[in-house]
Amino acid sequence: MTLDLSVEPDWSRIPLQRQPRQQRSRDKVARALAAASRIASDEGVDALTLPRVADDAGVSVGALYQYLPDREAIVRALVDEYHARLETLMAETVALTRASTPPADPIAHVIGAVIEIYRDRGAARGLATASGPEIDADRRDHKTRMAAATAELLSASGLAADGADAQARARIAFLTADAVLHDAFAAPPEVRERLLGELRDLLHRYLRP
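For what it's worth, the UniProt record's numbering labels the leading residue of the sequence shown as 1, then goes sequentially.
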């Protein structure tokens with residue numbers, strides 16, 4: 001199973017002051033978000049300013065202002081873009097799983113798929129401290145959607161049937177993985193592998209039929 005880690009942003013999911021209609025405008029905003037992601041990953045969200053992001057992206061402040069007028073708008077857009085990409089990758093994983101031969105080790109398949117979705121998402125480290133009423137609400141909604149998708153992945157892998165119990169188990173499994181994976185991918189490689197190993201063991205025990 002191969003995931004496309006360079007999925008196109010879902011513009012309808014990114015909260016912008018104004019939606020870019022033309023491809024040229026979308027390219028400018030995409031470059032700005034990529035620049036903001038690099039800055040947040042390397043220096044944290046406090047380093048994000050409109051002039052800094054515009055300069056790094058190679059666009060004018062005026063051109064960017066109509067879409068992302070300030071730090072709060074930039075951070076929220078980054079958080080929501082990150083969430084949308086994770087959700088797109090999860091949906092792709094579910095679809096690929098349903099279309100493939102049932103995995104020999106369904107638990108390992110589910111755990112491996114979720115780890116792969118979170119791998120190399122460096123900007124998440126810088127965004128982890130971002131907060132505010134809108135961002136916090138967005139994050140709660142995202143976790144609810146990801147938990148529901150995890151339930152679909154469990155079902156597609158032959159691990160769970162539909163129902164309230166399956167939904168609850170999927171939510172616990174996802175929230176546990178989400179917390180550990182954010183820490184794991186922010187840690188040095190040797191610590192990361194130990195955390196991922198412990199996560200695999202924990203979820204194997206929890207999800208075992």
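Note that the Cβ used here is the ideal one computed from N, Cα and C, for glycine as well.
For residue i, the first and last residue of its enclosing alpha helix (DSSP H)
| i | result |
| --- | --- |
| Ala34 | 23-43 |
| Ser155 | 133-156 |
| Gln19 | From DSSP, Gln19 is part of no alpha helix (DSSP H); its letter is neither H nor E. |
| Ile117 | 106-118 |
| Tyr82 | 71-99 |
| Ala168 | 164-184 |
| Asp201 | 189-207 |
Presumed contact (8 Å Cβ cut-off) between residue i and residue j, rounded CB distance
| i | j | result |
| --- | --- | --- |
| Arg76 | Glu134 | 6 Å |
| Leu195 | Ala187 | 6 Å |
| Ile107 | Leu199 | Rounded, the Cβ-Cβ distance is 12 Å, inconsistent with contact. |
| Ala36 | Val94 | About 29 Å; that fails the 8 Å criterion. |
| Tyr67 | Pro20 | 6 Å |
| Leu78 | Ala40 | 6 Å |
| Pro102 | Gly158 | 5 Å |
| Arg26 | Trp11 | 7 Å |
Residue of the options minimising C-alpha distance to residue i
| i | options | result |
| --- | --- | --- |
| Ala47 | Arg26, Val180, Arg98, Ala130 | Ala130 |
| Ala166 | His142, Tyr206, Gly132, Leu202 | Tyr206 |
| Gln17 | Leu127, Ala151, Arg208, Pro69 | Pro69 |
| Ala137 | His83, Gly197, Ile39, His204 | His83 |
| Asp201 | Ala173, Tyr67, Glu87 | Ala173 |
| Ala151 | His182, Thr97, Leu181 | Thr97 |
| Ala170 | Ala36, Ala128, Val110, Arg140 | Val110 |
| Ala34 | Glu43, Asp10, Ala57 | Ala57 |
| Asp80 | Pro102, Leu181, Pro15 | Pro15 |
| Ser60 | Arg31, Leu78, Ala99, Ile39 | Arg31 |
| Val45 | Val29, Arg71, Pro103, Pro189 | Arg71 |
| Thr88 | Leu64, Val114, Tyr67 | Val114 |
| Asp178 | Gly132, Ile117, Glu193, Leu154 | Ile117 |
| Lys143 | Ala168, Arg38, Ala164 | Ala168 |
| Asp42 | Ala147, Leu127, Gly163, His182 | Leu127 |
| Arg208 | Leu175, Leu181, Glu190, Leu154 | Leu154 |
Residue-level contact to chain B via CB, residue i, 8 Å cutoff
| i | result |
| --- | --- |
| Ala32 | Of the protein chains in this structure there is only one, and it is not chain B. |
heavy atom of the ligand MG below 7 Å from residue i C-beta
| i | result |
| --- | --- |
| Val94 | Summarising the ligand content, the structure contains no ligands, and the ligand MG is consequently not present. |
*Where are the beta strand (DSSP E) runs, 3 residues long or more, that stay fully inside the UniProt DNA-binding region "H-T-H motif" (49-68), in chain order?*
Segments of the beta strand (DSSP E) lying fully in the UniProt DNA-binding region "H-T-H motif" (49-68): there are none.
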